[in-house]
Amino acid sequence: MTTVEQRPAVRPDQVDLSVDLGLLRLANPIVTASGCFGSGREIDQFFDITALGAVVCKSITLEPRLGMPTPRMAETASGMLNAIGLQNIGIDRWLEEDLPWLQARDVPTIVSIAGETVAEYRMLAERLRGRAGIIAIEANISCPNVEDRDTVFACSPDATHAAIQAVTRGATVPVFAKLTPDVADIAAIADSARAGGAAGVSLINTLLGMAIDVETRRPRLAAVTGGLSGPAVKPVAVRAIHQVHRALPTFPIIGMGGVRSVADVVEFLLAGASAVGVGTATFVNPLITHEFVEALPRWLAAHGYGSVRELIGAVQL
Amino acid sequence: MAVVTRSEGPSPRARRGEPVRALCEVLTYRKTGVYHSLTLVAPEVAAQAKPGQFVSLGVEGGGTLLRRPFSIYAVSRGGPAAGTVEVVFEVNGPGTEWLATRTKHDVVDIVGPLGRSFPIPQQRVSCLLVGGGYGVAPLLFLASALQKQGLRVDMIIGAATAERIFNPIEAKRLSAGTYFTTEDGSSGVKGRVTDVVDQVMDAGQIGVVYACGPMPMLAAVARIAARRRVPVQVGVEEAMACGVGVCWTCVVPYWSGGEVRNVRACVEGPCLSGTRVLWDQIGVRTDADGPPEEAAP
């Protein structure tokens, strides 16, 4: 049995919150999880969102999408299922309507993109070339590949490699592959993303789930199945981050999945994440990411850490 | 009286016209018939709230995670209950069960006011308010605002049974003509609100219709108003996770800017033009090329 050694006291204002994701430096490790932060303006009503390490936007597709019919959401025990169907205004309108606001506010922006084909991933990346304010691309590859019987890109090492290679060839910024945990060997998929040129991975996307209304005998989502998020999935995320970090210790990870407290943020860092995304918790408390940025240095100082980086991958096995 | 501190209280950059988050004290809990009501001390919310807007309340217990949205029934800006907001609800799960066991001085987490309110007519017109179940609650807030503007208000209130008619006394006080319908005939006309809408509209020069209640009722009222070419505003309800416009779960198909858009009930709504809601498309697949199963949020 090991114990954590005593550390000298640190003042919260002395704590270095900055983290590196490969060549990308963030002022602090708190980022938003894709699809959980709107355009940025909605939450900026509650606090100045430039306080965050980065904002990850909702996945953008080449063409506008109306998304799935309602009901799109069902609360489950300590979690929620959603099936939005990637509703978004399409990349052209996003570049016209949403990006300028993020640029004007000087928000470090990570753009989530979703394609239906390898070629679409490349086109999306090319549309984002050389745009100010975009610090990275997150390729949401937990999408069905219409050229391969709708199998999810991130469920196949080869499809992962192909999609990520297409994005990295089109992009001028680092590319992170957002992976689904619904696979047998997530470290192998992460390694395919790395081989395809990814600067890192985002772990985890939602888990595919389903809920049935026993009175009506109908699925609780119009789309029948949907993505499970919230505290219910947190141990799955910690496991996936840990497995990928063990297999690829120098490969940067943005961790997300059910984070709702500063202790959860620390847990993700210990598992091997260099930045931590917050999703469903923002639905419950629109100020939560701001509270994490404020509380994290206090937690670190109280535990004698001078830098967030000391915690990354520091789980004691 | 309100439990409001820097860290727990109003959001760091609350400005007028923007929602706030606060921990607020329960002033009163009441049971009125089958409905429950909570009056919360939330001065920042009360100061801004308009009829048709809602608040979302944090709940606990039974593995619940998300906030619950509630239309605002009443606000008090002066007198003994100054700075309070009142909501009405039915118990239909562990979250509302938890809320129904709150008592004076308990603390509840509130975000609000949220969403688009009912527009108030600029002209001197007669207003018809049609409510079903606890959907009547926000209409009473609206009726009081319309009355203050000196506008004539008529109300049609429907419920399954007499005991499910919310606050009929206040409805009578706030309206020139008050009509009740119950499905079992235990009060007023036996039938549904839509059975009497035409008759009431024939009797008076109704310039605008407002409706709040179950979605099928809203659709039916909107169709009648559209046929009679009278503007109609509806307060819609859809399964909602965040209430602040970031999760995109609570959408309603809506004719806007020359195209069909899925607008958010929590931001573009909940008060929408009833003639522009595409009632037939609610719950219907619209993306022909959309994936049948989608894990991505």
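Residue numbers (the numbering used here), protein chains in the order written: chain A, 994 to 1310; chain B, 64 to 360. For each residue, glycine too, the CB sits at the ideal point set by N, CA and C.
Starting from the beta carbon of residue i, find every residue of chain A whose beta carbon is closer than 7 Å, and list them in chain order.
| i | result |
| --- | --- |
| B/Val174 | Pro1279 |
| B/Asn155 | What B/Asn155 touches in chain A: nothing, since even the nearest Cβ is about 12 Å away. |
| B/Arg179 | The premise fails here: B/Arg179 is roughly 14 Å from chain A at the closest Cβ pair, so nothing lies under 7 Å. |
| B/Gly346 | Pro1062, Thr1063 and Ala1215 |
| B/Glu81 | Gln1038 |
Going by beta carbon distance, what residues of the same chain come within less than 8 Å of residue i, once the five residues before and after it are set aside?
| i | result |
| --- | --- |
| A/Tyr1298 | Arg1000, Val1003, Val1008 and Leu1304 |
| B/Val263 | Leu191, Asp217, Ile219, Gly240, Tyr242 and Ile269 |
| B/Pro182 | Gln296 and Cys334 |
| A/Arg1058 | Gly1078, Leu1079, Gln1080, Asn1081 and Gly1083 |
| B/Arg165 | Val89, Tyr92, Leu101 and Val171 |
| A/Val1139 | Glu1109 and Thr1110 |
| B/Glu153 | Val97, Tyr98, His99, Thr159, Gly196 and Tyr197 |
Identify every residue that forms a DSSP beta bridge with residue i.
| i | result |
| --- | --- |
| A/Leu1014 | A/Leu1017 |
| A/Asn1133 | A/Lys1171 |
| B/Leu120 | B/Arg131 and B/Ile173 |
| B/Tyr317 | B/Arg324 and B/Val340 |
| B/Cys190 | B/Val216 and B/Val271 |
| B/Thr241 | B/Met218 |
| B/Gln21 | One cannot answer for residue 21 of chain B here, as it falls past the ends of chain B, which runs 64 to 360. |
| B/Tyr92 | B/Leu101 |
| A/Met1073 | A/Glu1068 and A/Ser1222 |
| A/Gly1202 | A/Gly1219 |
| A/Ile1103 | A/Val1049 and A/Ala1129 |
| B/Cys87 | B/Val171 |
Buried or exposed for residue i, going by 16 or more other Cβ atoms inside 10 Å?
| i | result |
| --- | --- |
| B/Glu123 | exposed |
| A/Arg1210 | exposed |
| A/Ala1097 | exposed |
| B/His168 | exposed |
| B/Pro143 | exposed |
| B/Val272 | buried |
| A/Val1226 | buried |
| B/Arg69 | Its pLDDT being 34, under 50, B/Arg69 is placed unreliably by the model, and the measurement read from it follows with that caveat. So B/Arg69 counts as exposed. |
| A/Val1207 | exposed |
| B/Ile232 | exposed |
| B/Ser347 | The amino acid at residue 347 of chain B is misidentified as Ser; the sequence shows Val. Looking at its Cβ environment, which holds fewer than 16 other Cβ atoms inside 10 Å, B/Val347 is exposed. |
| A/His1235 | buried |
| B/Gln116 | buried |
| A/Thr1315 | An answer regarding residue 1315 of chain A cannot be provided, because it is not within the stretch 994 to 1310 covered by chain A. |
| B/Arg187 | exposed |
| A/Asp1143 | exposed |
| A/Ala1266 | buried |
Short of 6 Å in beta carbon distance, which residues of its chain neighbour residue i, apart from the five on each side in sequence? Order them along the chain.
| i | result |
| --- | --- |
| B/Asp247 | Thr224 |
| B/Pro355 | Residue confidence for B/Pro355 is low, a pLDDT of 38 falling below 50, so the modelled location carries little weight; the figure read from the coordinates is stated next. Closer than 6 Å at Cβ, skipping near neighbours: no residue. |
| A/Asp1091 | Ser1032 |
| B/Ala208 | Pro114 |
| A/Val1111 | Ala1155, Ala1156 and Ala1159 |
| B/Cys275 | Gly194, Gly198, Pro201, Leu202 and Gly298 |
| B/Gly96 | Glu226 |
| A/Ile1053 | Asn1081, Ile1084, Trp1087 and Ile1106 |
| B/Glu71 | In this predicted model, B/Glu71 has a pLDDT of only 44, less than 50, meaning its place in the structure is not dependable enough to derive any value. |
| A/Arg1187 | Phe1244 |
Starting from the beta carbon of residue i, find every residue of chain A whose beta carbon is closer than 9 Å, and list them in chain order.
| i | result |
| --- | --- |
| B/Gly254 | Result: empty, since nearest Cβ-Cβ is about 25 Å, beyond 9 Å. |
With a CB to CB cut of under 7 Å and the five nearest residues on each side skipped, what residues in its chain are close to residue i?
| i | result |
| --- | --- |
| A/Ala1020 | Leu1010, Ser1011 and Gly1046 |
| A/Val1217 | Met1203 |
| B/Gln212 | Ile183 |
| A/Gly1060 | Ile1077, Gly1078, Leu1079 and Gln1080 |
| B/Asp261 | Ile287 |
| B/Trp311 | Arg327 |
Please list the partners that residue i has in chain B, where partner means a Cβ-to-Cβ separation under 8 Å.
| i | result |
| --- | --- |
| A/Asn1075 | Ala304, Cys310, Thr312 and Pro360 |
| A/Pro1224 | Leu128 |
| A/Glu1208 | Result: empty, since nearest Cβ-Cβ is about 12 Å, beyond 8 Å. |
| A/Met1066 | Ala302, Met303, Ala304, Cys310, Thr312 and Cys313 |
Identify the contact partners of residue i in chain B, using a Cβ-Cβ distance below 7 Å as the criterion.
| i | result |
| --- | --- |
| A/Phe1285 | The contacting residues do not exist; A/Phe1285 stays about 13 Å from chain B at best. |
| A/Gly1072 | Leu128 |
| A/Phe1030 | Val309 |
At 9 Å on the CB atoms, spell out the chain B contacts of residue i, in chain order.
| i | result |
| --- | --- |
| A/Thr1043 | By Cβ distance, chain B contributes nothing, its closest Cβ being about 12 Å from A/Thr1043, past 9 Å. |
| A/Thr1275 | Cys305, Val307, Val309 and Cys310 |
| A/Glu1035 | Cys305, Val307, Gly308, Val309 and Val330 |
Under 9 Å (Cβ pairs) to chain A, residues found in the region 283-311 of chain B: Within the region 283-311 of chain B, the qualifying residues are Glu301, Ala302, Met303, Ala304, Cys305, Gly306, Val307, Gly308, Val309, Cys310 and Trp311.
Chain A contacts made by the region 120-137 of chain B, where a contact means CB separation under 9 Å: Correct list: Gly121, Gly125, Gly126, Thr127, Leu128, Leu129 and Arg130.
Selection of the region 319-338 of chain B by Cβ proximity to chain A, strictly under 8 Å: Here the close residues are Val323, Arg324, Asn325 and Val330.
Interface positions of the region 225-240 of chain B facing chain A (Cβ-Cβ less than 8 Å), listed along the chain: Listed by position, the residues of the region 225-240 of chain B near chain A (Cβ gap below 8 Å) amount to none.
Members of the region 1232-1251 of chain A that neighbour chain B once the beta carbon cut-off is set at 9 Å: Here the close residues number zero.
Residues in the region 1077-1109 of chain A having any Cβ partner in chain B nearer than 7 Å: Hits within the stretch, in order: Ile1077, Gly1078, Leu1079, Gln1080 and Ala1107.
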